[in-house]
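Using the UniProt record's numbering, the first residue of the sequence shown is number 1, and each one after it goes up by one.
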Amino acid sequence: MRGSGFLYLHPKMDELMDALNGHLDEISERLITIGGAPFSTLKEFDENSRLEETAGTWDKSMTDHLKRLVQVYDYLSSLYQVGLDVTDEEGDAVSNDIFTAAQTEAQKTIWMLQAELGQAPGL
Numbered sequence: 001m002r003g004s005g006f007l008y009l010h011p012k013m014d015e016l017m018d019a020l021n022g023h024l025d026e027i028s029e030r031l032i033t034i035g036g037a038p039f040s041t042l043k044e045f046d047e048n049s050r051l052e053e054t055a056g057t058w059d060k061s062m063t064d065h066l067k068r069l070v071q072v073y074d075y076l077s078s079l080y081q082v083g084l085d086v087t088d089e090e091g092d093a094v095s096n097d098i099f100t101a102a103q104t105e106a107q108k109t110i111w112m113l114q115a116e117l118g119q120a121p122g123l
């Protein structure tokens, strides 16, 4: 990232990454608690993700980066919805609460990113 807004956005990206890692850890621990096994290698994550891997470049504007983040958080929100649907069907209220919290934060992040872009929320 380079350009106008860097000083504000760089620490914000760290904050977002920390929050995502927290949700990933909580979901993984819950999966282990109920007898599952979370992905544990980058290869597993890569093979099971629909996010396109893109190399970082310096030719993208801050706006381009923020728009991409909106897309990523929208994707995450849809995955959390799958988790909500499955845990609801299984009657697993604890896991459902975890997915609800993660989706709520993802949707809030979408709203905040879109506000920074001068757009109305598209949830």
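Glycine included, each C-beta is placed from N, C-alpha and C at the ideal position.
Rounded Cβ spacing between residue i and residue j (contact assumed at less than 8 Å)
i: glutamine 81; j: glutamine 114; result: At roughly 19 Å, the Cβ-Cβ gap does not stay under 8 Å, so glutamine 81 and glutamine 114 are not in contact.
i: valine 70; j: isoleucine 110; result: 6 Å
i: tryptophan 72; j: leucine 42; result: Sequence check: residue 72 is valine here, not tryptophan. Contact flag wrong, Cβ pair sits at about 17 Å.
Rounded C-alpha distance that separates residue i from residue j
i: alanine 93; j: threonine 87; result: 7 Å
i: aspartate 74; j: leucine 24; result: 16 Å
i: alanine 106; j: alanine 19; result: 10 Å
i: glycine 36; j: leucine 84; result: 16 Å
i: lysine 60; j: glutamate 53; result: 16 Å
i: glutamate 26; j: aspartate 97; result: 11 Å
i: arginine 30; j: asparagine 21; result: 14 Å
i: residue 128; j: glycine 91; result: Nothing in the structure corresponds to residue 128, since the chain is present only between 1 and 123.
i: glycine 3; j: serine 95; result: 40 Å
i: glutamate 47; j: leucine 79; result: 15 Å
i: phenylalanine 99; j: leucine 7; result: 32 Å
i: lysine 108; j: isoleucine 34; result: 28 Å
i: serine 49; j: alanine 101; result: 21 Å
Beta carbon proximity, residue i to chain D, threshold 8 Å
i: glutamate 26; result: Note that chain D does not occur in the displayed structure, where there is just one protein chain.
7 Å Cβ shell around residue i - same chain, five flanking residues per side excluded
i: leucine 66; result: Leu113, Glu116 and Leu117
i: leucine 76; result: Ala106
Cutoff 6 Å; reference residue i; Cβ partners in own chain excluding five residues on either side
i: phenylalanine 45; result: Phe39
i: glutamate 89; result: none
i: serine 28; result: Pro38
i: alanine 120; result: none
Cut-off 8 Å between Cβ atoms - residues of its own chain near residue i, not counting five sequence neighbours on either side
i: glycine 5; result: Met62
i: tryptophan 58; result: Arg2
i: lysine 12; result: none
Those runs of the alpha helix (DSSP H) which lie wholly inside the region 20-90 and span at least 4 residues: Listed in chain order, the complete alpha helix (DSSP H) runs (minimum 4 residues) inside the region 20-90 are 42-47 and 62-90.
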